[in-house]
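In what follows, a structure is listed as structure tokens, so that the remarks can point back to it.
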Ligand SMILES: [Ca+2]
Ligand SMILES: [Ca+2]
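Residue numbers (the working numbering), protein chains in the order written: chain D, -12 to 104; chain W, -12 to 104.
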């Protein structure tokens, strides 16, 4: 790969690493990491989410019990401020990554647009 | 989003736009675009690929006829040098994008690694 591409990718990585979005996410992770209750809720929520996602992706049915269990965990989680702050921080980071990606691949979008017109 | 993140994303976009990978891809697209035979093969191949992918993603069965038809088009396409060069250029560009993404999200990988250990 061209050196300049690498260089610019590393500069963006550095900017991401020092961005408010990332530093805030890191702080919120640490808050949850250092709080046993928050941590176990967060882990439980993440595990349930991943299980359901995997089932959906592999075409398996999700039972009513599983939906209710996931809902119960989601409700608990929403009552924990540290976990909700972490989730908001994740959401903001993920939106920023989405925006960055949109900017970066613009040349490709334009090229494909040309091709398909 | 923080200004510096935007700035660095735009610098990377500029680097991508002037990279050998992108300029080569653009050239190969134009070659195919200006060659009726190559263009119609390429479009047919892309359409068949997309159809099969959509079927797969929506959980529909792919018939033996459809597989054979896709294979026949793939064979034609592989005999056309302009189309194969375009596909190679796409492959190289997509690998470069993959590498860039890996670099950019390294801070997040590290953070998640910390969280899950
Ligand atoms: Ca620079
Ligand atoms: Ca710069």
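Just so you know, even glycine gets a beta-carbon here, dropped at the ideal spot from N, CA and C.
Within the same chain, and ignoring the five residues on either side of residue 43 (chain W) in sequence, the residues whose Cβ sits closer than 8 Å to its Cβ are 49.
Residue 92 (chain W) carries a coil assignment under DSSP once its states are collapsed to helix, strand and coil. DSSP places residue 63 (chain D) in the uninterrupted alpha helix (DSSP H) bounded by 51 to 65. Straight-line measurement puts the Cα of residue 55 (chain W) at about 50 Å from the Cα of residue 28 (chain D). Taking 9 Å as the CB threshold, residue 88 (chain W) lines the interface with chain D.
Taking a C-beta distance under 9 Å as the contact criterion, residue 3 (chain D) and residue 83 (chain D) qualify as a contact pair.
Taking a Cβ-Cβ cut-off of 8 Å, the neighbours of residue 46 (chain D) in chain W comprise 46, given in sequence order. At a Cβ-Cβ threshold of 9 Å, residue 87 (chain W) and residue 12 (chain W) do not count as neighbours. Within chain D, no residue has its CB atom less than 8 Å from the CB of residue 39 (chain W), the nearest being about 17 Å off.
The three-state reading of DSSP puts residue 100 (chain W) in helix, counting H, G and I together. In the structure shown, residue -10 (chain W) adopts helical secondary structure according to DSSP, grouped into three states.
For residue -8 (chain D), same chain residues with a beta-carbon under 7 Å away, outside a window of 5 residues either side, do not exist. DSSP, reduced to helix, strand and coil, places residue 48 (chain D) outside both helices and strands of the structure shown, so it counts as coil. Annotation for residue 20 (chain D): 26 place their beta carbon closer than 7 Å to its own, counting only its chain and skipping 5 residues before and after.
Following the DSSP letters along the chain, one finds residue 11 (chain D) inside the alpha helix (DSSP H) bounded by residues 7 to 20.
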